[in-house]
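Q: Residue numbering for the sequence shown follows full-length UniProt numbering, beginning at 1 and increasing consecutively. Every residue, glycine too, gets a C-beta built ideally from N, C-alpha and C. Model, not experiment: these values are computed from the prediction.
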Amino acid sequence: MDQRSKSCRLKAIKVLRSLFCRGNHQIEGTESQSIHESPTNSPQCDEKKPACAKCVNHSIECDFLSADANSLSPSSTPQPASSKTRFRFKPSKYQSSRTSSPAASQTSLDVPRAVSSVPESQTQHQTQHETLSFEDLQLFHHFVTETFRTLGDDSTNSNGIWQTHVPKWGFTTPSIFHLILAMAALHQGHLNPDLRNQYVLQADAHFTFGIRSVSTILACLNAENCQLIYMSAVLICFVYFAHGPRPGEYLVFSQTGKAEWLVLMRGVRSILMSHHERIFSGVLAIQHDPSGEEISPSLGDELREHAARMNDVRNFIEGRVGAECEIYVAAIDNLLEMFESSYRTCSAGKGGVEVMSHAIGWIYRRPEEFICLLEERDPFALIILAYWCVLLKLMGSSWMMIGWDRHVIGGIQSCLSSEYHQWIEWPVRVICE
Numbered sequence: 001m002d003q004r005s006k007s008c009r010l011k012a013i014k015v016l017r018s019l020f021c022r023g024n025h026q027i028e029g030t031e032s033q034s035i036h037e038s039p040t041n042s043p044q045c046d047e048k049k050p051a052c053a054k055c056v057n058h059s060i061e062c063d064f065l066s067a068d069a070n071s072l073s074p075s076s077t078p079q080p081a082s083s084k085t086r087f088r089f090k091p092s093k094y095q096s097s098r099t100s101s102p103a104a105s106q107t108s109l110d111v112p113r114a115v116s117s118v119p120e121s122q123t124q125h126q127t128q129h130e131t132l133s134f135e136d137l138q139l140f141h142h143f144v145t146e147t148f149r150t151l152g153d154d155s156t157n158s159n160g161i162w163q164t165h166v167p168k169w170g171f172t173t174p175s176i177f178h179l180i181l182a183m184a185a186l187h188q189g190h191l192n193p194d195l196r197n198q199y200v201l202q203a204d205a206h207f208t209f210g211i212r213s214v215s216t217i218l219a220c221l222n223a224e225n226c227q228l229i230y231m232s233a234v235l236i237c238f239v240y241f242a243h244g245p246r247p248g249e250y251l252v253f254s255q256t257g258k259a260e261w262l263v264l265m266r267g268v269r270s271i272l273m274s275h276h277e278r279i280f281s282g283v284l285a286i287q288h289d290p291s292g293e294e295i296s297p298s299l300g301d302e303l304r305e306h307a308a309r310m311n312d313v314r315n316f317i318e319g320r321v322g323a324e325c326e327i328y329v330a331a332i333d334n335l336l337e338m339f340e341s342s343y344r345t346c347s348a349g350k351g352g353v354e355v356m357s358h359a360i361g362w363i364y365r366r367p368e369e370f371i372c373l374l375e376e377r378d379p380f381a382l383i384i385l386a387y388w389c390v391l392l393k394l395m396g397s398s399w400m401m402i403g404w405d406r407h408v409i410g411g412i413q414s415c416l417s418s419e420y421h422q423w424i425e426w427p428v429r430v431i432c433e
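1) Contact between the segment 369 to 382 and the segment 409 to 423: three or more CB pairs below 8 angstroms?
2) Here's the rule I'm using: 16 or more other beta-carbon atoms within 10 Å means buried, otherwise exposed. How should Pro273 be labelled?
3) Using CA atoms only, rank isn't needed, just tell me which of Asp204, Ala233 and Glu376 is closest to Leu218.
4) Hey, is the segment 140 to 153 in contact with the segment 163 to 170, meaning 3+ C-beta pairs nearer than 8 angstroms?
5) Tell me the residue span of the alpha helix (DSSP H) that contains Ile180.
6) Evaluate contact between the segment 230 to 246 and the segment 392 to 409, counting only Cβ atoms and requiring at least three cross-stretch pairs below 8 angstroms.
7) Taking the CB atoms as reference points, tell me whether Glu153 and Lys393 lie closer together than 9 angstroms.
8) Can we say the segment 176 to 188 touches the segment 202 to 214, given the rule of at least three CB pairs closer than 8 angstroms?
9) In or out: Glu419 buried (at least 16 other Cβ within 10 Å) or exposed?
10) Hey, is the segment 189 to 206 in contact with the segment 252 to 261, meaning 3+ C-beta pairs nearer than 8 angstroms?
11) Which residue's Cα is closest to the Cα of Glu376: Leu416, Ser342, Arg344 and Phe339?
12) Quick one, which of Thr216, Gly189 and Phe280 has its alpha-carbon nearest Ile161's?
13) What span of residues does the alpha helix (DSSP H) with Met265 cover, start to end?
14) Let's see if you can read the secondary structure: which residues bound the alpha helix (DSSP H) around Thr147?
15) Can you look up Arg196 in the DSSP assignment and give me helix, strand or coil?
16) Nearest by alpha-carbon distance to Ala205: which of Pro247, Leu139 and Gly322 is it?
17) Could you work out which residue in Arg246, Cys226, Ala184 and Trp261 is closest to Glu277 when comparing CA atoms only?
18) What first and last residue would you give for the alpha helix (DSSP H) that runs through Leu373?
19) Can Cys346 and Leu284 be called in contact, C-beta distance under 9 angstroms?
20) Label Ala331 either buried or exposed according to how many other C-beta atoms from any shown protein chain fall within 10 Å of its C-beta, with 16 as the threshold for buried.
21) Once the 5 residues before and after Ala184 are set aside, which same chain residues still bring their CB inside 6 angstroms of it?
22) Asp301: which of His190, Arg344 and Arg366 sits nearest, CA to CA?
23) Run the CB neighbour count on Tyr364, radius 10 Å, all protein chains shown included, and call it buried at 16 or more, exposed below.
24) Our contact map puts Val355 next to Leu391 with C-beta atoms below 8 angstroms; I'd like the distance itself, whole angstroms only.
25) If I measure Cβ to Cβ from Gly411 and keep anything under 6 angstroms in the same chain, skipping five residues before and after, which residues do I get?
26) Once DSSP output is grouped into helix, strand and coil, what is the label at Ser254?
27) Just to check my reading of the structure: His407 and Pro245 have Cβ atoms closer than 8 angstroms, yes? What is that Cβ distance to the nearest angstrom?
28) The alpha helix (DSSP H) spanning Leu394 covers which residue range?
29) Would you kindly work out how many angstroms separate the C-alpha atoms of Pro367 and Gly267, rounded to a whole number?
30) In whole angstroms, what is the alpha-carbon distance linking Ala386 and Phe134?
31) Taking 6 angstroms as the limit between beta carbons, can you name the residues of its chain near Leu262, skipping five residues before and five after?
32) Quick one: give me the first and last residue of the alpha helix (DSSP H) that Cys346 is part of.
33) Using a Cβ-Cβ cutoff of less than 6 angstroms, which residues in the same chain neighbour His190 once the five nearest sequence positions on both sides are dropped?
34) Within its chain, find whatever has a CB closer than 7 angstroms to the CB of Asp405; leave out the 5 residues flanking it on each side and keep chain order.
35) So who's on the other strand from Arg246, going by DSSP bridges?
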């Protein structure tokens with residue numbers, strides 16, 4: 001993982017950490033500032049003319065030095081964004097000379113677009129011009145024709161969230177727009193391994209600007225924009241998965257400190273805790289899937305084997321820990337429930353990302369005390385987590401989850417002393433054989 005990708009991840013973590021650091025209170029102060037601002041309000045823009053180096057590096061127009069921006073005094077009242085904004089198309093620095101057209105290399109195109117009515121607090125954060133390359137359009141097209149299919153199941157998504165609504169929200173919410181382009185780029189990299197490095201560069205560029213856009217609206221999280229911010233946070237987590245496993249990072253524990261993905265999860269949970277009812281309303285309302293009622297006989301045998309092995313772990317932990325084992329027992333009981341739900345989903349012919357709500361739901365519901373045990377690499381908590389990795393294997397048919405099951409179970413093996421290895425033999429066998 002190169003330094004650029006690492007920097008992108010750290011920015012994402014900083015943005016979502018600002019959510020749970022303040023609990024459910026309104027977010028304010030320096031941590032909610034745009035990531036291109038420092039706590040002392042001194043911009044990191046180098047103010048070079050005609051454009052700052054950072055914007056040149058990302059092939060976008062610098063908005064810090066525009067004539068309109070320079071004409072505003074510090075006391076000027078911000079004006080709402082125009083009802084129409086214009087995308088500017090310009091050659092992408094990632095576009096090869098073989099695919100570039102002469103017209104694209106000589107001129108930029110100004111294309112007007114209508115903007116849906118959004119709260120003034122959001123529109124004030126939008127720049128008057130946003131620069132798009134034709135290659136960005138290719139990524140957008142790939143998302144709405146291909147990538148969206150990998151993020152949900154059509155039979156339980158009659159609202160067309162990923163194909164219709166999320167891309168539409170991207171037109172008025174820059175964070176969503178850049179993050180779906182990042183997802184599309186990583187998906188293209190998966191489909192075209194020879195071009196992966198090129199697509200990862202594109203993904204990192206869009207991820208950087210997506211994170212910057214999220215940071216500008218975190219301070220005004222409310223009932224009107226909570227769905228947009230929630231979907232931005234979900235996309236950040238998806239991009240994290242899609243980048244693939246990282247050495248020393250095992251989702252809920254790390255060899256170097258706080259686990260990066262766990263920080264992202266806590267940010268998502270903070271958003272949900274503050275506006276849960278409003279978020280899951282309208283097009284995001286939870287839909288019941290009648291096809292996932294029964295477990296097939298063959299998968300039922302598998303499930304019973306998993307349950308028997310986990311009951312052995314329960315007895316082992318109860319014998320070693322005694323009266324303080326309640327937190328472990330509760331984790332095992334809930335994990336068994338998630339296994340049952342996951343196997344119902346698989347029996348309906350689904351898998352991959354459709355299992356994600358069950359697998360991630362188990363982490364989401366764990367009390368902070370248990371999460372701390374995982375972060376401290378407590379052996380009993382890690383043994384339970386090893387069985388959770390079986391759910392990651394069920395998600396392996398999703399392109400963005402490839403390799404995560406082996407990676408996390410490998411991290412657990414390396415952290416457990418040899419005396420505990422016999423208690424994770426079953427999940428290791430299921431995942432690695």
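A: In brief:
1) Yes, they touch.
2) Looking at the sequence provided, one finds Met at residue 273 rather than Pro. Exposed is the label assigned to Met273, since fewer than 16 other Cβ atoms lie within 10 Å of its Cβ.
3) Of the listed residues, the one whose Cα sits closest to Leu218 is Ala233.
4) The segment 140 to 153 and the segment 163 to 170 touch, with no fewer than 3 CB-CB distances between them shorter than 8 angstroms.
5) Following the DSSP letters along the chain, one finds Ile180 inside the alpha helix (DSSP H) bounded by residues Pro174 to Leu191.
6) Segments in contact, yes.
7) According to the sequence provided, residue 153 is Asp. The question's Glu does not apply to it. Not closer than 9 angstroms, so no.
8) Proximity of the segment 176 to 188 to the segment 202 to 214 meets the contact definition, three or more beta-carbon pairs being nearer than 8 angstroms.
9) Classification of Glu419: exposed, given that the 10 Å Cβ count is below 16.
10) No: fewer than three Cβ pairs fall under 8 angstroms.
11) Looking from the CA of Glu376, the closest CA among Leu416, Ser342, Arg344 and Phe339 belongs to Leu416.
12) Closest in C-alpha terms to Ile161, from the list Thr216, Gly189 and Phe280, comes Phe280.
13) DSSP places Met265 inside the alpha helix (DSSP H), whose first and last residues are Glu260 to Ile279.
14) No alpha helix (DSSP H) contains Thr147, which DSSP labels as neither H nor E.
15) Look at Arg196 here: in three-state DSSP terms it is helix.
16) The option with the nearest alpha carbon to Ala205 is Leu139.
17) Closest in alpha carbon position to Glu277, among Arg246, Cys226, Ala184 and Trp261, is Cys226.
18) Counting along the chain, the alpha helix (DSSP H) containing Leu373 begins and ends at Glu368 to Glu375.
19) Not a contact, by the Cβ cut-off of 9 angstroms.
20) With at least 16 other beta carbons inside 10 angstroms of its own, Ala331 counts as buried.
21) Here the set comprises Leu139, His142, Phe143 and Thr147.
22) Per the Cα distances, Arg344.
23) By the Cβ neighbour-count rule, Tyr364 is exposed, with fewer than 16 other Cβ atoms within 10 Å of its own.
24) Going by Cβ atoms, the distance from Val355 to Leu391 rounds to 6 angstroms, so yes, they are a contact pair.
25) Counting only Cβ-Cβ distances below 6 angstroms, and skipping sequence neighbours, we find Tyr250.
26) Ser254 falls in the strand class under three-state DSSP.
27) Correct: roughly 4 angstroms between the Cβ atoms.
28) Start and end: Pro379 to Leu394.
29) So the alpha carbons of these two residues sit roughly 15 angstroms apart.
30) Looking at the two C-alpha atoms, the distance is approximately 45 angstroms.
31) Scanning its chain for C-beta atoms nearer than 6 angstroms, with the 5 sequence neighbours on each side dropped, one finds around Leu262 the residues Val252, in chain order.
32) Run containing Cys346: Glu326 to Ser347, per the alpha helix (DSSP H) assignment.
33) Only Trp399 meet the Cβ criterion.
34) So the qualifying residues of the chain are Cys389, Leu392, Lys393, Gly396 and Ile431.
35) Glu249.
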